[in-house]
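Encoded as structure tokens, the structure appears first; notes follow it.
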Amino acid sequence: MNISGDNIILYKDANIEISKTKEYRITGEKIVEMFENHKKTFSYYFAEYELYTHYDILTIFQKNNIIWYDNNLINYNLAQKLNIPKYSMIEKCAYVQTIWTVNYYHFLIDELPNIIKINQFNKDLPILCNYNDTYIKEILDLFNFSNELIRPKNNLGIKIKECILTNMAISGKPSKTELLLIRNYLIKEKKIEFNQMNLGIIIKRKEQERKVLNFDLIVEHLINKFKDIEWIVFDSLSFKDSVKLFSKSKYIIAPHGAGLTNMLFAPPECNIIEFMPYSDPNECYCHLANMLDHNYSCIVVNDTGKQNGKQMTIQLEYLDKIMNSLNYCT
């Protein structure tokens, strides 16, 4: 893993200006510590790139007389005390909802593997899951599960006589086995074919938060300096077309954000370069890259701060340094 940036320089290159302020040094040290602690923590939960060491992630179990209400499962007796309003009745279904799964990253990483587990367990079992008419619909349409999908309304409860559950992974920190459930399903159903080309994808954030202020300059620089790579700016595509595009990628460059989730569809050993705002670092895409056998690099950026959208200006020499470290010869 390569880490570079305004706050962290591991290359010790005299040609790159290193900030000497105390604030930057401390922040940089904390980010390095965060990555190191992450590796130590998850070595406890994961065996060598395979299963959890302490329990089987594919375990299916059941609970009886459970009430679903407002995205939560609660015991029937407790529901009586809480005076939950009118609810409908279901004889049997599986429940896979998790707290963050209306988010693109968390739906793909947390909820989708559980839907696949249930589908493999029983293709006729109805599944209670999160849903929207945008990306979740596109994802589920591509996977084309035979299970009926239950789309509950938040103001009504559902009594489930026999509720089937999977043991949930750590939110946002999937094992390699869970990620392979997704990739293998796509391969089996002939929805994806890995065909790595000399293709670089630069992800552009629409949102103001974590926006790269010199994005156009970065694109121009990469096109002009690394000419034998075909560079494509990724803004918005259908889910099906996104899977197809990323299945050909050799380089994915992006600020921290949900677009990086698409590395899930990239061939193994794809090169990931993430722009990380030092004011709000998060190692989830480092973890995802490691589980997928990608080459992960991180540029820690002196951003505008949490109160000002964590917007970033990327120094091109840091990007060049990492590109060159990936055995690229200019």
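For the sequence shown, my numbering gives the first residue as 197, with consecutive numbering after it.
Glycine included, C-beta positions come from ideal geometry on N, C-alpha and C.
Keep in mind it's a predicted model, so treat the numbers as computed, not measured.
Exercise. Pick helix, strand or coil for S367, following the three-state DSSP scheme.
Key: In the sequence shown, residue 367 corresponds to position 171, counting from 1. Of the three classes helix, strand and coil, the one that applies to S367 here is coil, per DSSP.
Self-check item: Beta bridge counterpart(s) of C325 as assigned by DSSP
Solution: Translated into positions along the sequence shown, residue 325 becomes position 129. Answer by DSSP bridge pairing: none, since C325 is not bridged.
Quiz item: So, is D527 buried or exposed, given that buried needs 16 or more other C-beta atoms within 10 angstroms?
Solution: For residue 527 there is no data in the structure shown, the boundaries of the chain being 197 and 526.
Quiz item: Once you ignore the five residues that flank K259 on each side, which residues in its own chain have a CB closer than 6 angstroms to its CB?
Solution: As a working mapping, residue 259 is identified with position 63 in the sequence shown. Counting only Cβ-Cβ distances below 6 angstroms, and skipping sequence neighbours, we find C359.
Self-check item: Distance between beta carbons of G368 and C480, contact taken as under 8 angstroms
Solution: The sequence position of residue 480 within the sequence shown is 284, counting from 1. The sequence position of residue 368 within the sequence shown is 172, counting from 1. Going by Cβ atoms, the distance from C480 to G368 rounds to 5 angstroms, so yes, they are a contact pair.
Quiz item: Could you give the residue range of the alpha helix (DSSP H) that holds S438?
Solution: Along the sequence shown, read from residue 1 onward, the residue named residue 438 stands at position 242. Note, S438: alpha helix (DSSP H), 435-442.
Practice problem: Return the CA-CA distance between M459 and I468, expressed in angstroms with no decimal places. | Solution: Translated into the one-based positions of the sequence shown, residue 459 becomes position 263. Translated into the one-based positions of the sequence shown, residue 468 becomes position 272. Cα to Cα, M459 sits roughly 8 angstroms from I468.
Quiz item: In whole angstroms, what is the alpha-carbon distance linking E374 and F430?
Solution: As a working mapping, residue 374 is identified with position 178 in the sequence shown. As a working mapping, residue 430 is identified with position 234 in the sequence shown. Approximately 26 angstroms between the Cα atoms of the pair.
Practice problem: Return the CA-CA distance between K313 and S371, expressed in angstroms with no decimal places. | Solution: Walking along the sequence shown from the start, residue 313 turns up at place 117. Walking along the sequence shown from the start, residue 371 turns up at place 175. If you take the alpha carbons of K313 and S371, they lie about 14 angstroms apart.
Exercise. Can you tell me which of I398, E334, F341, N299 puts its alpha carbon nearest to the alpha carbon of I414?
Key: Working through the sequence shown from its first residue, we reach residue 414 at position 218. The candidate whose alpha carbon is nearest that of I414 is I398.
Exercise. Return the chain-ordered list of same chain residues with a C-beta closer than 6 angstroms to the C-beta of T509, the five sequence neighbours on each side being excluded.
Key: Residue mapping note: residue 509 aligns to position 313 of the sequence shown, counting from 1. L409, N410, listed in sequence order.
Exercise. Can you tell me which of the three DSSP states K446 falls into?
Key: Taking the sequence shown and counting its residues from 1, one reaches residue 446 at position 250. Three-state DSSP puts K446 in coil, outside helix and strand.
Quiz prompt | Residues of its chain near P348, where Cβ-Cβ distance is below 8 angstroms and the 5 sequence neighbours each way are ignored | solution = The residue labelled residue 348 in the question sits at position 152 within the sequence shown. Result list for P348: W264, L324, I354, in chain order.
Quiz item: Who are the Cβ neighbours of P473 in its own chain at under 7 angstroms, not counting the five residues just before and after it?
Solution: Within the sequence shown, numbered from 1, the residue matching residue 473 stands at position 277. Correct list, in chain order: R406, H452, V497, D499, K506, M508.
Exercise. Buried or exposed for N486, please, with buried defined as at least 16 other CB atoms from any protein chain shown within 10 angstroms of its CB.
Key: Translated into the one-based positions of the sequence shown, residue 486 becomes position 290. Per the 10 Å Cβ criterion, buried.
Practice problem: On a CA-only basis, which of T457, V298, K421, L304 is nearest F339? Give me that one, please. | Solution: As a first step, residue 339 is located in the sequence shown; it is residue number 143 there, counting from the start. Of T457, V298, K421, L304, the residue nearest in Cα terms is L304.
Quiz item: Where does the unbroken beta strand (DSSP E) through V497 begin, and where does it stop?
Solution: Sequence index remark: in the sequence shown, residue 497 carries index 301 (1-based). 491-497 is the span of the beta strand (DSSP E), which, as asked, contains V497.
Quiz item: When the Cα of L522 is compared with those of K288, E287, K446, Q503, which residue comes out closest?
Solution: For this step, residue 522 is matched to residue 326 along the sequence shown. Nearest option by C-alpha distance: K446.
Quiz item: Hey, S443 and I388: beta-carbon distance below 8 angstroms or not?
Solution: One-based indexing of the sequence shown puts residue 443 at position 247. One-based indexing of the sequence shown puts residue 388 at position 192. In this structure, I388 lies closer than 8 angstroms to S443 by Cβ.
Practice problem: Note the first and the last residue of the continuous beta strand (DSSP E) segment covering F257. | Solution: Translated into the one-based positions of the sequence shown, residue 257 becomes position 61. Residues 256-265.
Exercise. For N458, write down the residues that DSSP places opposite it in a beta bridge.
Key: Sequence index remark: in the sequence shown, residue 458 carries index 262 (1-based). Beta-bridge pairing links N458 to no other residue.
Quiz item: Under a Cβ-count criterion, where at least 16 other Cβ atoms within 10 Å of its own Cβ denotes burial, should N326 be classed as buried or exposed?
Solution: One-based indexing of the sequence shown puts residue 326 at position 130. With 16 or more other Cβ atoms within 10 Å, it is buried.
Quiz item: In chain order, what residues of the same chain have a beta carbon less than 8 angstroms from the beta carbon of E385, not counting five sequence neighbours either side?
Solution: Counting from 1 along the sequence shown, the entry for residue 385 is found at position 189. Once the five neighbours on either side are set aside, the close Cβ partners of E385 are F339, N340.
Quiz prompt | Unbroken alpha helix (DSSP H) run spanning S309, endpoints | solution = The residue you call residue 309 lines up with position 113 of the sequence shown. What sits at residue 309 in the sequence shown is Pro, not Ser. Residues 308-317.
Quiz item: Out of curiosity, what's the CA-to-CA distance linking V298 and F317?
Solution: For this step, residue 298 is matched to residue 102 along the sequence shown. For this step, residue 317 is matched to residue 121 along the sequence shown. Distance between the alpha carbons of V298 and F317: 24 angstroms.
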